[in-house]
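Notes for the one structure printed next.
Below you can see the structure in the form of structure tokens.
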């Protein structure tokens, strides 16, 4: 799991979720977004790499809903997600629905997800 400001001409924060994500990891990502967002003028896109994600346990799913809402409050405009397996995609769709996240786009590859944000 990692969070960083992407070195690109557009304001993009990259989040990489890997393995089985814990609630503590979600909190860490939130803290990092809170730190980076002001550097981007509180208006940014998010590139999410979930290709190596195994699962979000139930206690993490609840944190993810709050995480997506918080990212929107901090200035997230769009999320472009490289999704790996069917389980991750299904969980992501459920989390997005619960957080009322309407500007999430899913792709098969990291390159497609990045290209979408750079258009």
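Residue numbers (our numbering): 480 to 598. Where a beta carbon is used, it is the ideal one built from N, C-alpha and C, also for glycine.
Local conformation of residue i per DSSP, three classes
i, result
"residue 568", "helix"
"residue 501", "coil"
"residue 521", "coil"
"residue 579", "coil"
"residue 532", "strand"
With 16 other Cβ atoms within 10 Å as the buried cut-off, status of residue i
i, result
"residue 596", "buried"
"residue 591", "exposed"
"residue 569", "exposed"
"residue 523", "buried"
Backbone CA spacing between residue i and residue j [nearest angstrom]
i, j, result
"residue 572", "residue 543", "12 Å"
"residue 502", "residue 580", "19 Å"
"residue 526", "residue 588", "11 Å"
"residue 574", "residue 548", "10 Å"
"residue 586", "residue 491", "17 Å"
Contact under 8 Å by Cβ, residue i with residue j
i, j, result
"residue 560", "residue 529", "yes"
"residue 495", "residue 546", "no"
"residue 567", "residue 532", "yes"
"residue 480", "residue 493", "no"
inquiry  = Tell me whether the stretch 532-540 and the stretch 510-517 touch, counting them as touching only if at least three CB pairs, one residue from each stretch, are closer than 8 Å.
reply    = The stretch 532-540 vs the stretch 510-517: no contact.
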